[in-house]
Every structure is written in C-alpha cells, then in structure tokens.
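Undergrad: To start, I am sharing the structure in question, which I have written as structure tokens.
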Amino acid sequence: MKTNVTTDMPLKIAIASGKGGTGKTTVSVNLFHFIRQSWTSRVALVDCDVEEPNDLIFFPGAKLLSEKEATLPVPEIITDKCTFCRKCVEYCEFNAIVVIPPVKFAEINPSLCHSCGACLVACQDDAIIEKPYSIGKIRKYAVDEQAVIVEGLLKIGSAMQTSLIKIVKKEPVNNAEVILYDAPPGTSCPVVTTTADADYIILVTEPTPFGLHDLKLTVDLLRELEKPFGVIVNKAGLGNRDVYDYLEKEDIELIGEIPFDKKYASGYARGELLSHIPEKMENIYRQIVQDLKEKVSDYA
Amino acid sequence: MHEITLLSGKGGTGKTTIAAALASVARDAVFCDADVDAADMHLILKPEILEEHRFESNYVAKIDDDNCTRCSKCVEYCRFDAIHYKPFGGLEINPFQCEGCRLCERICPVGAIHSEKNNNNFWYVSNTRFGTLVHARMGAGEENSGKLVTEVRKKAMEIAKETGARFVITDGPPGIGCPVISALTGTHKVLMVIEPTKSGLHDIERLVDLARNFEPEMFAVINKYDINTGVTKEIEKYLEENSIQLLARIPFDTVMVEAMLHEKTIVEFKPASALSKMIKEIWENVAKTAYAEVTK
C-alpha cells in the first residue's frame with residue numbers, strides 16, 4: 001500500500017448507493033455546498049458516475065478550466081512485421097485479438113482491449129505498438145477560486161467506464177482539503193474503483209424494499225473492502241421502517257435523514273438544488289456536515 | 301420472438317417497478333432481470349428457484365508467498381496497480397483491483413503466481429406467478445457484469461424459444477457502459493423509462509445516442525411526469541424530434557411505493573386504478589407492434 005508521507009493529504013469522502021436514483025447526486029451537491037460554507041472553501045467534487053454524470057447540471061455558473069481527452073494505450077499490430085504466430089492471441093485474456101495466419105490477417109479490437117500490455121510481452125517480432133485510444137473526456141470547472149468540480153464523461157459506446165474513473169480520480173484538484181467522489185450506482189467494479197481510496201463512505205438509501213435490498217449488497221461490499229461508512233436515508237417518510245431496523249440490527253450509523261418533499265423534488269427536476277434551499281433541509285445538511293467534520297478527523 | 305428491454309440511463313427512474321407491472325399483464329412472456337449489479341425484480345416476482353448455475357467470471361491472480369523472491373517484476377508490469385508491498389514484507393495482489401489479464405503470472409521468473417477463476421456469481425431459472433424468470437446474483441465487487449447480462453438474456457431467449465413464448469421482457473441496468481451495451485446487443489425493442497428531471501433528460505440523450513447503434517425500435521414512458529411538467533414538455537419535444545413514440549405519462553403516486561411494500565405490482569394491488577389501466581395500455585401498445593411484425 002502507498003503510504004501518505006505528506007501531512008496535508010486531502011480527506012476523501014465517497015457517496016455511493018447500490019440502487020440508482022436514491023439521491024447520491026443530491027447529497028453530493030449539497031455536501032459540496034455546505035462544506036464550503038461551514039468547513040473549508042478548499043473542496044472538490046469529482047463526478048465518478050462517468051456513464052451519466054449529472055453534478056454539473058446544478059452549477060450553471062461554473063467556469064470551464066480545462067477539458068482533455070482521457071485515453072488508454074491500445075495496441076496495434078504492424079502486419080508487415082507480424083509472423084502470425086498467434087502468441088498474442090494466446091496471451092490476450094479478453095479475446096480482443098484476431099489473427100488468421102493463412103490470410104495474413106492480424107487485428108486488435110479496441111473496444112474489447114483492456115490495455116493490460118500482455119500482447120506486447122507476448123510478441124517476439126516487435127510487431128505490436130501502442131497508440132492512445134480515447135475513452136472519454138475529463139472536464140474541470142471552477143465554482144470559485146478554491147472550489148472545483150471534475151467530471152468524467154464516458155465516450156458513447158465505450159465499455160471502459162472503470163478505467164475512465166481511475167483516470168478521473170487522478171486529475172489534480174488544486175489543493176483541496178476535502179474531496180467528494182459521487183459514485184455510479186451498482187455494486188461492481190466501477191463502485192469499487194470509486195470508493196477504493198476513500199477515507200469514509202456515505203451510503204444514500206431510500207426506505208423502500210428496493211432501496212434496502214441494494215443497501216445490503218453495498219454494505220456487504222464495503223465490509224469486504226474494510227471501509228468505514230455510514231448511511232443517509234433520503235426520501236424519508238416514503239416506504240416503511242425496515243431500513244431503520246436493519247441499520248440498528250447491523251449496528252450501522254445513521255448519519256442523517258432527509259425527508260421526502262415533492263416541492264423539493266421539483267426543484268431538483270429543474271436543476272435547482274442550491275438556489276432555494278428550504279430551511280428544514282439546510283439545517284439537516286449543516287448538522288450532517290458538522291458531524292462529518294468531527295467524525296472524519298479520526299480517520300484522516 | 302421479441303425481446304423488450306427497459307432502460308433509462310439514469311438509475312431509479314422506475315424501470316423495475318414498471319417491468320414487474322408489465323410482467324403482471326403480459327401474456328406469453330418470459331422475464332429476465334438483467335440489472336445483475338443490483339437485481340430487484342425478484343423482490344416483487346417472488347421466484348421459486350428451479351435451477352441454480354454458477355457463472356465463472358474473470359481470473360484473479362494470487363502470489364504464493366513461499367516461492368516469491370520479491371523481485372517485484374510483477375509490480376512493474378501490472379498496469380492496474382493491483383500488486384502491493386505488504387507492511388511486513390512480501391507482495392500481495394488486491395483481488396478487487398486485479399483485472400485478470402494474467403500478465404503477472406506469465407512474467408513471474410519463478411512461477412510464484414497463479415490465477416483462479418472467480419466463481420461468486422450465480423444465475424437462476426425460476427418459476428413466478430406470472431411465468432418464468434431468469435435472474436442472477438453477482439458477487440460483491442465483481443467484474444464482468446456485462447458477460448453475466450449476456451448469459452441471463454441468452455437463457456431467457458432459449459426458454460422463450462423452447463416454450464413458444466412470444467416475448468421476453470428484460471429489466472435492464474442503469475448507465476450506458478459495459479452492462480448496458482451487453483443488454484442492447486441484439487434486442488428488438490427498447491422501452492425507456494424517463495424521469496422528468498434535467499438529469500433524466502441528460503441521461504436519456506446519452507442512452508439514445510448509444511442505443512441508435514443497435515437499431516432497436518424505441519418507445520418511452522415518462523414516469524412521475526407531474527414532478528415537473530416543464531421538464532416533461534422538454535422531454536416530449538426531445539422524443540418527438542427523435543421519432544421515439546411516447547406511450548404514457550405516468551403520474552407520481554405514493555400508491556406505487558405502497559404496492560412495492562406489499563410485494564405486489566400496481567396491477568395486483570389496485571387493479572381498477574387509472575395507473576393499472578395505463579400499464580395495460582403500455583403493454584398492449586408494445587405488444588401490438590410485435591404482433592404486427594409477426595403477421596407481416
């Protein structure tokens with residue numbers, strides 16, 4: 001494991017959920033807002049839901065600082081040098097290479113390639129070179145001088161979402177003191193990659209059978225990863241009390257409860273979360289941020 | 301035989317709720333839960349499992365500590381930063397970071413690394429009160445959910461063919477990445493479940509851009525349309541410009557959540573309601589296009 005030698009490493013908090021649509025983005029955007037107000041202005045929000053990034057919708061005034069292509073090195077076979085020995089085909093675990101010796105055909109399918117480099121090691125004839133292949137874009141925006149938002153945008157048709165998340169997380173975020181990672185839904189590799197280096201994880205759930213079922217899956221995952229986490233129940237008041245019973249039985253911390261409010265949902269719908277925050281919501285988020293600040297000082 | 305796949309781009313728009321409701325009105329159909337990452341359809345369909353199958357996914361590499369000479373050649377070659385120095389000496393591979401490319405195994409000079417297939421994934425063929433359901437359970441943090449999506453769909457199609465069922469109704473995954481690409485490959489019809497929010501619209505545009513490459517017939521329903529009628533209008537305009545037929549505007553109603561709490565579809569819970577009528581109409585409209593093609 002890498003060791004942190006510097007004393008001012010940023011604190012990393014990931015927001016995840018399992019089930020989609022429970023309010024990850026709503027919580028991330030609000031935490032970003034209230035952390036800036038009552039904790040530190042040096043905060044970064046990184047949208048790791050690269051398939052469907054939505055954080056920026058809520059910051060229409062954010063200024064674009066930079067945009068760049070995210071690429072992976074994808075191999076190419078130089079047919080003139082290739083002896084069609086098929087060793088690269090044998091090495092490729094992802095079935096991305098087709099070599100047909102009788103017709104001297106050799107080609108790599110970039111959409112199946114994982115850029116592992118095995119074929120380069122396999123090739124004895126120097127017939128494989130690597131070229132950058134775009135899997136999406138990384139955009140960085142400034143909300144003010146100190147607060148930034150980074151967004152990864154997967155290229156339509158690319159299946160390399162996990163690789164893009166890794167690249168997005170490497171984007172420097174100036175000298176942020178707190179970094180928030182808004183995770184994609186699900187429980188598979190993109191979520192693991194998003195939460196891998198987080199100091200603390202906030203799981204957002206809703207008190208419905210679907211919400212609870214997917215929360216359990218995510219809790220199993222985080223326990224296997226040995227990550228500290230707590231839960232925010234969003235849309236409280238809908239559904240039933242089963243999720244609370246589960247949290248109590250499993251001794252999982254309830255960080256906060258955000259009531260369901262149709263008017264508030266309508267504001268989210270318009271892309272307005274931060275312009276008219278009801279006082280009730282404001283108090284809840286302020287409390288969550290306050291508790292978080294105290295709690296995470298133990299982890300940092 | 302026609303496969304109808306429910307997709308949404310954004311998560312939590314109501315795909316599963318609507319897929320389960322359609323299951324309760326569809327005749328002649330096999331059901332498939334292709335959201336293998338966070339499968340929820342079984343919570344409503346209450347399957348009685350008939351067959352359980354293990355699904356082998358990718359390889360995961362492991363270092364044999366006794367043979368390892370700590371030369372760290374593997375660390376240098378691994379492009380996924382999956383191999384780490386242990387705090388008290390030696391090397392280990394983080395199974396969650398390992399991509400299963402087996403390059404470390406091949407370049408290890410002393411043969412101290414070997415790979416094993418991960419077999420934490422299962423898929424099932426089950427009986428439900430509406431018909432056969434093919435579904436899956438993925439191990440936590442697993443890779444390759446795309447391959448598992450392909451597997452459950454393949455099985456659902458096979459069963460439909462064997463039993464002469466006319467339709468497969470597939471509940472798809474969120475997003476536009478690898479599992480969605482697997483769900484779109486070869487499907488006949490896509491029913492998009494859209495939520496009238498800026499996020500919902502942004503996400504459906506990306507999904508449509510992806511889906512076009514596969515040329516399915518596309519339909520849409522706007523779920524909870526009255527959460528924001530302004531955005532609903534924007535979505536309607538977008539659908540019209542893209543020649544996607546809008547089949548229904550479903551209002552927000554907490555009775556949907558109530559039905560879920562009773563582990564029932566809306567059609568079972570409130571059969572005489574306007575919502576149930578709407579579900580029946582959606583199904584009739586989708587099925588009609590399939591029958592029309594059959595008779596052509």
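Quick mapping for you: the protein sequence lines, in order, are chains A and B. For the first sequence, position 80 (counting from the first letter as 1) is numbered 80 according to our numbering, and the numbering increases by one without interruption. With positions in the second sequence counted from 1, the corresponding number in our numbering is that position plus 300. Every residue gets a Cβ at the ideal spot worked out from N, C-alpha and C, and that includes glycine.
Is the Cβ-Cβ distance between B/LYS590 and B/ILE304 less than 9 Å?
TA: Within the second sequence, residue 590 of chain B is the residue found at index 290, counting from 1. Within the second sequence, residue 304 of chain B is the residue found at index 4, counting from 1. In the sequence under discussion, the amino acid at residue 590 of chain B is Ala, which differs from the Lys named in the question. Cβ atoms of B/ALA590 and B/ILE304: closer than 9 Å.
Undergrad: Taking only the alpha-carbon atoms, compute the straight-line gap between A/ASP261 and A/PRO207 and give it to the nearest angstrom.
TA: Numbered from its first residue, the first sequence carries residue 261 of chain A at position 261. Numbered from its first residue, the first sequence carries residue 207 of chain A at position 207. So the alpha carbons of these two residues sit roughly 14 Å apart.
Undergrad: Among A/GLU130, A/VAL74, A/PHE59, A/GLY136, which has the Cα closest to the Cα of A/GLU52?
TA: For the purposes of this step, residue 52 of chain A is taken as the residue at position 52 of the first sequence. Ranking A/GLU130, A/VAL74, A/PHE59, A/GLY136 by Cα distance to A/GLU52 puts A/GLY136 first.
Undergrad: Let me know the secondary structure DSSP gives A/PRO209 once reduced to three states.
TA: Translated into positions along the first sequence, residue 209 of chain A becomes position 209. Looking at A/PRO209 - three-state DSSP - the assignment turns out to be helix.
Undergrad: Under 8 Å Cβ-Cβ, which residues of chain A neighbour B/THR485?
TA: For the purposes of this step, residue 485 of chain B is taken as residue 185 along the second sequence, with counting starting at 1. Result: empty, since nearest Cβ-Cβ is about 11 Å, beyond 8 Å.
Undergrad: Is B/PHE569 helix, strand or coil by DSSP?
TA: Translated into the one-based positions of the second sequence, residue 569 of chain B becomes position 269. B/PHE569 falls in the helix class under three-state DSSP.
Undergrad: Check A/ILE165 in the structure and name its three-state DSSP category.
TA: In the first sequence, the residue the question calls residue 165 of chain A occupies position 165. Looking at A/ILE165 - three-state DSSP - the assignment turns out to be helix.
Undergrad: Going by beta carbon distance, what residues of the same chain come within less than 7 Å of B/GLU534, once the five residues before and after it are set aside?
TA: As a position in the second sequence, residue 534 of chain B is number 234, starting the count at 1. Cβ neighbours of B/GLU534 beyond the five flanking positions: LEU501.
Undergrad: Could you list which residues in chain A have their beta carbon closer than 8 Å to that of B/TYR377, in chain order?
TA: Taking the first residue of the second sequence as 1, we reach residue 377 of chain B at position 77. The contacting residues are GLY117, VAL121.
Undergrad: Does DSSP put B/ARG327 in a helix, a strand or coil?
TA: The residue labelled residue 327 of chain B in the question sits at position 27 within the second sequence. Coil.
Undergrad: Taking DSSP as the reference, what is the three-state secondary structure of B/GLU442?
TA: Residue numbering aside, residue 442 of chain B sits at position 142 when the second sequence is read from its first letter. In the structure shown, B/GLU442 sits in coil (DSSP, three-state: anything other than H, G, I, E or B).
Undergrad: Hey, would you say A/ASP291 sits closer than 9 Å to A/ILE255, going by beta carbons?
TA: Start at 1 with the first residue of the first sequence, and residue 291 of chain A comes out as number 291. Start at 1 with the first residue of the first sequence, and residue 255 of chain A comes out as number 255. Contact flag set, yes.
Undergrad: Could you say if the region 275-289 of chain A and the region 31-43 of chain A meet the contact criterion of at least three C-beta pairs nearer than 8 Å?
TA: With the cut-off at 8 Å, the region 275-289 of chain A and the region 31-43 of chain A touch.
Undergrad: Quick one: which chain B residues come within Cβ less than 9 Å of A/ILE13?
TA: Taking the first residue of the first sequence as 1, we reach residue 13 of chain A at position 13. Correct list: empty, because the minimum Cβ distance to chain B is about 19 Å.
Undergrad: Below 7 Å CB to CB, which residues in the same chain sit around A/VAL106 once its five sequence neighbours on both sides are set aside?
TA: One-based indexing of the first sequence puts residue 106 of chain A at position 106. The identity of residue 106 of chain A in the sequence shown is Ala, whereas the question assumes Val. ILE77, THR79, CYS82, PHE84, VAL99, listed in sequence order.
Undergrad: For chain B, find out if any of its Cβ atoms is closer than 9 Å to the Cβ of A/SER297; answer yes or no.
TA: Counted from its first residue, the first sequence places residue 297 of chain A at position 297. No, because no Cβ of chain B sits closer than 9 Å to the Cβ of A/SER297.
Undergrad: Closer than 9 Å, CB to CB, is A/LYS169 near chain B or not?
TA: Locating residue 169 of chain A in the first sequence gives position 169, counting from the first residue. Taking Cβ atoms only, chain B never reaches closer than 9 Å to A/LYS169, which makes this a no.
Undergrad: In three-state terms, what does DSSP make of A/MET1?
TA: Along the first sequence, one-based indexing puts residue 1 of chain A at 1. Note on A/MET1: pLDDT 37, under 50, position unreliable in the model; the coordinate value appears next. Correct three-state label for A/MET1: coil.
Undergrad: Between the region 489-516 of chain B and chain A, which residues of the former have a C-beta closer than 7 Å to a C-beta of the latter?
TA: Under the 7 Å Cβ criterion, the region 489-516 of chain B contributes PRO496, THR497, LYS498, SER499, HIS502, ASP503, ARG506, ASP509, LEU510, ASN513.
Undergrad: Would you verify that the beta carbon of A/ASN30 is, or is not, closer than 9 Å to some beta carbon of chain B?
TA: Start at 1 with the first residue of the first sequence, and residue 30 of chain A comes out as number 30. For A/ASN30, the answer is no, since every Cβ of chain B falls outside 9 Å of its Cβ.
Undergrad: At 4 residues or longer, and completely inside the region 477-524 of chain B: list those alpha helix (DSSP H) runs for me, N to C.
TA: Segments of the alpha helix (DSSP H) lying fully in the region 477-524 of chain B: 478-484, 498-512.
Undergrad: May I have the straight-line CA-CA distance separating A/PRO75 from A/PHE94, to the nearest angstrom?
TA: The residue labelled residue 75 of chain A in the question sits at position 75 within the first sequence. The residue labelled residue 94 of chain A in the question sits at position 94 within the first sequence. Computed Cα separation, rounded: 13 Å.
Undergrad: Determine the DSSP secondary structure at B/ARG466, reduced to helix, strand or coil.
TA: Locating residue 466 of chain B in the second sequence gives position 166, where the first residue counts as 1. In the structure shown, B/ARG466 sits in coil (DSSP, three-state: anything other than H, G, I, E or B).
Undergrad: Whose CA, out of B/ALA339, B/GLU515, B/GLU405, B/VAL557, lies closest to the CA of B/SER575?
TA: Along the second sequence, read from residue 1 onward, the residue named residue 575 of chain B stands at position 275. Here residue 575 of chain B is Leu; the residue named in the question, Ser, does not match the sequence. Closest by alpha carbon: B/VAL557.
Undergrad: Starting from B/TYR359, find everything on chain A with Cβ-Cβ shorter than 8 Å and list it in chain order.
TA: As a first step, residue 359 of chain B must be located in the second sequence, where it is residue number 59. Residues of chain A passing the Cβ test: GLU93.
Undergrad: From the DSSP secondary-structure annotation, give me the bridge partner or partners of A/GLU69.
TA: Here residue 69 of chain A corresponds to residue number 69 of the first sequence, with the count starting at 1. A/LYS137.
Undergrad: Determine, using beta carbons only, whether B/CYS401 comes closer than 9 Å to chain A.
TA: Along the second sequence, one-based indexing puts residue 401 of chain B at 101. Closer than 9 Å to some Cβ of chain A, the Cβ of B/CYS401 qualifies, so yes.
Undergrad: Quick check: A/ILE15 and A/ASP182, are their CB atoms within less than 9 Å of each other?
TA: As a first step, residue 15 of chain A is located in the first sequence; it is residue number 15 there, counting from the start. As a first step, residue 182 of chain A is located in the first sequence; it is residue number 182 there, counting from the start. It is a contact, given that the beta carbons lie within the stated cut-off.
Undergrad: Looking only at its own chain, which residues have a Cβ that is under 8 Å from the Cβ of B/GLU495, when we skip the five neighbours before and after it?
TA: Walking along the second sequence from the start, residue 495 of chain B turns up at place 195. Correct list, in chain order: SER308, LYS310, GLY312, THR313, GLY314, ILE522, ASN523, LYS524, ILE527.
Undergrad: Sorted by chain position, which residues of the same chain lie with C-beta nearer than 8 Å to A/ILE13's C-beta, five sequence neighbours on each side aside?
TA: Taking the first residue of the first sequence as 1, we reach residue 13 of chain A at position 13. Excluding sequence neighbours, A/ILE13 sits near LEU31, VAL178, ILE179, LEU180, TYR181, ALA198, ASP199, TYR200, ILE201, ILE202, LEU292, VAL296.
Undergrad: Tell me the start and end of each unbroken alpha helix (DSSP H) in the region 189-244 of chain A that is at least 4 residues and wholly inside, in chain order.
TA: For the region 189-244 of chain A, whole alpha helix (DSSP H) runs of length 4 or above, ordered along the chain, are 189-195, 209-224.
Undergrad: How would you call B/GLU352, buried or exposed, if buried means at least 16 neighbouring beta carbons within 10 angstroms?
TA: Your numbering for residue 352 of chain B matches position 52 in the second sequence. Exposed, because fewer than 16 other Cβ atoms sit within 10 Å of the Cβ of B/GLU352.
Undergrad: Opposite B/SER426 in the DSSP bridges: which residues?
TA: Looking up residue 426 of chain B in the second sequence gives position 126. Bridge partners of B/SER426: B/ILE349, B/LEU433.
Undergrad: Judging by CA-CA distance, which residue of B/LYS577, B/ASP553, B/THR497, B/ILE550 is the nearest neighbour of A/ALA265?
TA: By one-based count along the first sequence, residue 265 of chain A stands at place 265. Selected option, being the one with the closest Cα: B/THR497.
Undergrad: Please report how far the alpha carbon of A/ALA118 lies from the alpha carbon of A/ILE129, in whole angstroms.
TA: Looking up residue 118 of chain A in the first sequence gives position 118. Looking up residue 129 of chain A in the first sequence gives position 129. Near 12 Å, if we compare the C-alpha coordinates of A/ILE129 and A/ALA118.
Undergrad: What residues in the region 561-595 of chain B bring their beta carbon closer than 8 Å to a beta carbon of chain A?
TA: The residues in question are LEU561, GLU563.
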